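Heads up: the sequence lines are chains A and B, in that order.
The opening position of the first sequence corresponds to residue 621 in this note's numbering, with each subsequent residue numbered one higher.
The opening position of the second sequence corresponds to residue 621 in this note's numbering, with each subsequent residue numbered one higher.
Cβ atoms here follow ideal geometry from the backbone N, Cα and C, with glycine treated the same way.
Predicted, not measured: the structure shown is a model, and the values here were computed from it.
Each remark here refers to the structure printed beneath this line.
2 protein chains.
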Amino acid sequence: MSDGKIRNMEEFSAVSGISRPTVSKYFHDPESVRQSTRKKIEAAIEEYDYRPNIFAMNQNRKLTKNVGIVVPLLTDPYFAEIARNLEQRCIDAGYRPTLFSAHGDPAMEVEVLDNLRSLKPAGVLLAPLGRASDRRALEKFCDDVHTLIFDSSVEQFGIAFVGSDNHQFTTHISDYLCRTGEPPCFFEMKTPANPNAHRRRQSYLRAMEEFGFDPQVISIEGEGWAFEEIGRLGGHEAFSNKQFSTNTILCSNDRLAIGLLTACYEQGIKVGRGSDAAIRVAGQDGHPHSRYTCPPLTTISHDYDAVSKHAAESLFAAIDGHVEPWKSTRIEGKLIMRDSA
Amino acid sequence: MSDGKIRNMEEFSAVSGISRPTVSKYFHDPESVRQSTRKKIEAAIEEYDYRPNIFAMNQNRKLTKNVGIVVPLLTDPYFAEIARNLEQRCIDAGYRPTLFSAHGDPAMEVEVLDNLRSLKPAGVLLAPLGRASDRRALEKFCDDVHTLIFDSSVEQFGIAFVGSDNHQFTTHISDYLCRTGEPPCFFEMKTPANPNAHRRRQSYLRAMEEFGFDPQVISIEGEGWAFEEIGRLGGHEAFSNKQFSTNTILCSNDRLAIGLLTACYEQGIKVGRGSDAAIRVAGQDGHPHSRYTCPPLTTISHDYDAVSKHAAESLFAAIDGHVEPWKSTRIEGKLIMRDSA
DNA sequence: ATGTATTCTTTACGCGCGTAAAAATTTTGT
DNA sequence: ACAAAATTTTTACGCGCGTAAAGAATACAT
Numbered sequence: 621m622s623d624g625k626i627r628n629m630e631e632f633s634a635v636s637g638i639s640r641p642t643v644s645k646y647f648h649d650p651e652s653v654r655q656s657t658r659k660k661i662e663a664a665i666e667e668y669d670y671r672p673n674i675f676a677m678n679q680n681r682k683l684t685k686n687v688g689i690v691v692p693l694l695t696d697p698y699f700a701e702i703a704r705n706l707e708q709r710c711i712d713a714g715y716r717p718t719l720f721s722a723h724g725d726p727a728m729e730v731e732v733l734d735n736l737r738s739l740k741p742a743g744v745l746l747a748p749l750g751r752a753s754d755r756r757a758l759e760k761f762c763d764d765v766h767t768l769i770f771d772s773s774v775e776q777f778g779i780a781f782v783g784s785d786n787h788q789f790t791t792h793i794s795d796y797l798c799r800t801g802e803p804p805c806f807f808e809m810k811t812p813a814n815p816n817a818h819r820r821r822q823s824y825l826r827a828m829e830e831f832g833f834d835p836q837v838i839s840i841e842g843e844g845w846a847f848e849e850i851g852r853l854g855g856h857e858a859f860s861n862k863q864f865s866t867n868t869i870l871c872s873n874d875r876l877a878i879g880l881l882t883a884c885y886e887q888g889i890k891v892g893r894g895s896d897a898a899i900r901v902a903g904q905d906g907h908p909h910s911r912y913t914c915p916p917l918t919t920i921s922h923d924y925d926a927v928s929k930h931a932a933e934s935l936f937a938a939i940d941g942h943v944e945p946w947k948s949t950r951i952e953g954k955l956i957m958r959d960s961a
Numbered sequence: 621m622s623d624g625k626i627r628n629m630e631e632f633s634a635v636s637g638i639s640r641p642t643v644s645k646y647f648h649d650p651e652s653v654r655q656s657t658r659k660k661i662e663a664a665i666e667e668y669d670y671r672p673n674i675f676a677m678n679q680n681r682k683l684t685k686n687v688g689i690v691v692p693l694l695t696d697p698y699f700a701e702i703a704r705n706l707e708q709r710c711i712d713a714g715y716r717p718t719l720f721s722a723h724g725d726p727a728m729e730v731e732v733l734d735n736l737r738s739l740k741p742a743g744v745l746l747a748p749l750g751r752a753s754d755r756r757a758l759e760k761f762c763d764d765v766h767t768l769i770f771d772s773s774v775e776q777f778g779i780a781f782v783g784s785d786n787h788q789f790t791t792h793i794s795d796y797l798c799r800t801g802e803p804p805c806f807f808e809m810k811t812p813a814n815p816n817a818h819r820r821r822q823s824y825l826r827a828m829e830e831f832g833f834d835p836q837v838i839s840i841e842g843e844g845w846a847f848e849e850i851g852r853l854g855g856h857e858a859f860s861n862k863q864f865s866t867n868t869i870l871c872s873n874d875r876l877a878i879g880l881l882t883a884c885y886e887q888g889i890k891v892g893r894g895s896d897a898a899i900r901v902a903g904q905d906g907h908p909h910s911r912y913t914c915p916p917l918t919t920i921s922h923d924y925d926a927v928s929k930h931a932a933e934s935l936f937a938a939i940d941g942h943v944e945p946w947k948s949t950r951i952e953g954k955l956i957m958r959d960s961a
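Below, the structure is given as structure tokens:
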């Protein structure tokens, strides 16, 4: 200790006047030591700016404070935003979150899970790719690590599922559209990357039956996660083939809707709620950019706050040992009425 | 070793028939052992699926394989995309990248740097917040850790700076706009979050002087990183005040342009290159969503590939001990001509 | 076959923590 | 003041690695 630099907990223990095991106990949980002890330690932290070696800590703890957050695609602002919410909740709860993206690639998802496993996480908040996910790897991971699945459900993996209520989403916005104009056609991808799409289609069919209208589904070609481009190309084709039987189009998700709006623009089709508009377009998701389309997109938005709150709290409860049977929680969305429909 | 599960390197060493220090050497750098030895180790890895304890490894290595990637805002797809590029390059080079976002918050940026430091990173690829960054914390960090600054430059911190050539961006697109129609006004934020904006303004002024036109800068109010909303509100105000002296508007960045396009839509102002359009709008950045605006935005795009390649390679060279004087590299962008201008 | 260079093994210690259990000290309640 | 409860200290060992240095084994060149 020749230059005042604290190199390890032993040295820190000496300058703080508190025994090393107690210092260790403090860094694990400050509330586990009495206040007078805590004050001494915190004064020494202030003076010496000591921080335990995180590798040694993580190696030797039965349970680390590490939490993984895995999303299928970070360039989708929906996932970036919900990840940001989850991250903040983890930090607030005393965890150390690490963010991973599968970049739309199943092999990458497996690799992310392997890397995560080596971090001995207390838990993981995982939005899987969905249909493309390696089921076996995912199941094994969920068996080994406290894992909360969010966004799209894959069987009954993990401790619980938290996501948006796709049925309510689609029913609610279909209802809105039927009440305000012609009943909507449903615009979707034929082979969607994300299984939420199937639920939304089913819900659309059910809703239309309930409201007494004939459903029409337009399923477009396209693979992967580039939804805007798929929506644009599919929109062009659907318009050329005159596939839409009504003037109202409900899209499976906002990004597909954004692509469709581009196709409308390119074909000179006026979109909006007014009497001068040729068609109305609606989306689902409340994508952060849907406010800035032309026209601003009517959509139904995830409750980012409620989803992230519920997901994080469920995971933390499980980490704390509160064992519950597997449960699926679906949170209703909120209609955002704008100018496109 | 009662159930075939390998618990540590010692056990793995026994089953592979290779000494523990040699196994350790292999995991550090597979090329550092001879081929026959490597084959034996890899066969045992295949059979036992062993992976060294990452905490013990990182604790004891003089230089870890950890690389941090820090961006100011992950919900901006520009940063999400360039981060994805950088991440892949790190993985390909044998590093272990960890992604961090400052979420537009200077205090968070400092916290990210502190967390990063505790990971003993081999190096860090850092896109700072810019003007809002805690200069002292940043400088100290760069002194302690091999840090490559990208996107926006902050003094001569770190080993080098790699970013886009804002001068070329703005000059090039100004030139294009002047050749194809009326000379552009420059639409910017009065107090931009990101210092690239200042360079772009200066370049615009210089370009206009060079081309022999009177420059006009419209600086709008707004703080933070919600560029679309700032652009939309500022657009409304500028149109109401008739601030644009020409029919052409060059925006400081794509997201501001997206907001301005929304204001145009809301005010019924037709945008485009055609003779029926009232104004032309152009952006800068090649934002992934700029293809899906109405009309698709003419912009100048970062060379994501070249920037990430150069940044990563510079950092890896520095990690490998190739000491060079501080250097700034600016990579030219490519004009993307679409329908907005 | 011999000598040299390269690689691996053996031996030993280090890293900075977590934590168990027994003993000691401090705090709290009567 | 005393007893009980709570907290801290002391003592000791463990975790799974990295790596240095000396000696042994292997590969390559002549």
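Check                                                                                                                                                                                          : Outcome
Residues in its own chain within less than 7 Å of B:Met-629 by CB, not counting five upstream and five downstream?                                                                             : Arg-640, Val-643, Ser-644, Pro-672
Spell out the partners DSSP gives A:Asp-598 in its beta bridges.                                                                                                                               : Residue 598 of chain A lies beyond the residue range present for chain A, which begins at 621 and ends at 961; the question has no answer from this structure.
I want to see whether chain B comes within less than 9 Å of A:Leu-745, judged by CB atoms only; does it?                                                                                       : no
Between the alpha carbons of B:Glu-944 and B:Leu-935, how many angstroms are there, rounded?                                                                                                   : 11 Å
For A:Arg-654 and A:Ala-664, what's the separation of their Cα atoms in angstroms?                                                                                                             : 16 Å
Cutting at 7 Å between CB atoms, please list the residues of its own chain near A:Ser-633, excluding the five before and the five after it.                                                    : Ser-639, Arg-640, Val-643
Residues of chain B with CB under 9 Å from A:Cys-762, in chain order?                                                                                                                          : Within 9 Å Cβ-Cβ: nothing; A:Cys-762 doesn't reach chain B, min ~18 Å.
Report the rounded CA-to-CA distance for A:Glu-631 versus B:Asn-678, giving the unit in angstroms.                                                                                             : 21 Å
Does DSSP classify B:Ala-780 as helix, strand or coil?                                                                                                                                         : strand
Thinking C-beta only, is B:Val-837 closer than 9 Å to B:Ile-869?                                                                                                                               : no
In angstroms with no decimal places, state the Cα-to-Cα distance between A:Phe-607 and A:Val-782.                                                                                              : Given a span of 621 to 961 for chain A in the structure shown, any question on residue 607 of chain A remains unanswerable.
Identify every run of the alpha helix (DSSP H) within the segment 655-736 of chain B, keeping only runs that are complete inside it and at least 4 residues long; order them along the chain.  : 655-668, 674-680, 697-712
The beta strand (DSSP E) spanning A:Ile-769 covers which residue range?                                                                                                                        : 767-770
State the beta-bridge partners of B:Leu-870 as determined by DSSP.                                                                                                                             : B:Phe-806, B:Ala-902
Assign A:Thr-800 to buried or exposed, taking buried as 16 or more other Cβ atoms, counted over all protein chains shown, within 10 Å of its Cβ.                                               : exposed
Identify, in the order they occur along the chain, each residue of the same chain with its Cβ nearer than 6 Å to the Cβ of B:Ala-883, setting aside the five sequence neighbours on each side. : Arg-852, Gly-855, His-856
Just to check my reading of the structure: A:Val-744 and A:Gly-688 have Cβ atoms closer than 8 Å, yes? What is that Cβ distance to the nearest angstrom?                                       : 4 Å
Please name the residue, chosen from B:Pro-726, B:Tyr-796, B:Tyr-885, B:Pro-915, that lies closest to B:Gly-894 on a Cα-to-Cα basis.                                                           : B:Pro-915
So the alpha helix (DSSP H) A:Ile-850 belongs to, where does it begin and stop?                                                                                                                : 847-860
Where do the ends of the alpha helix (DSSP H) carrying B:Lys-645 lie?                                                                                                                          : 640-648
Express the C-alpha separation of A:Asp-725 and B:Leu-719 in angstroms, rounding to a whole number.                                                                                            : 18 Å
Apart from the five residues just before and just after B:Phe-831, which ones in its own chain have a Cβ nearer than 6 Å to its Cβ?                                                            : Cys-798
Mapping the DSSP letters down to three states, classify B:Asp-821 as helix, strand or coil.                                                                                                    : Here residue 821 of chain B turns out to be Arg, not Asp, going by the sequence shown. The answer is helix: DSSP assigns B:Arg-821 an H, G or I state.
Answer yes or no: does any C-beta atom of chain A fall closer than 9 Å to that of B:Pro-916?                                                                                                   : yes
If the cut is a Cβ gap below 7 Å, which residues of chain A does B:Ile-889 touch?                                                                                                              : Here the premise fails: no neighbours, minimum Cβ distance about 11 Å.
Measure the alpha-carbon distance for B:Ile-939 versus B:Glu-662 and round it to whole angstroms.                                                                                              : 27 Å
Taking only the alpha-carbon atoms, compute the straight-line gap between B:Leu-881 and B:Thr-913 and give it to the nearest angstrom.                                                         : 8 Å
Give the DSSP bridge partners of A:Glu-949, in chain order.                                                                                                                                    : Strictly speaking, residue 949 of chain A in this sequence is Thr, with Glu absent from that position. For A:Thr-949, which the question treats as bridged, DSSP gives the partners A:Val-782.
Name the residues in the segment 853-868 of chain A whose C-beta lies less than 9 Å from a C-beta of chain B; which are they?                                                                  : none
Considering just the uninterrupted stretch of the alpha helix (DSSP H) at B:Ser-633, what are its terminal residues?                                                                           : 629-636
Taking the alpha helix (DSSP H) that A:Lys-954 falls in, what are its first and last residues?                                                                                                 : First-last for A:Lys-954: 954-956, but that is the beta strand (DSSP E), not the alpha helix (DSSP H).
Along the alpha helix (DSSP H) that carries A:Leu-739, what are the first and last residues, could you check?                                                                                  : Segment: none, A:Leu-739 is in no alpha helix (DSSP H) and carries neither H nor E.
Take B:Glu-667 as the anchor and find which of B:Ser-636, B:Glu-651, B:Phe-647 has the nearest alpha-carbon.                                                                                   : B:Ser-636
Alpha helix (DSSP H) containing A:Leu-758: first to last residue?                                                                                                                              : 755-764
CA-CA distance, A:Met-621 and A:Arg-627?                                                                                                                                                       : With a pLDDT of 40 at A:Met-621, under the threshold of 50, the predicted position of this residue should be treated as unreliable, and no value is reported.
Straight-line CA distance for A:Leu-706 to B:Glu-651?                                                                                                                                          : 40 Å
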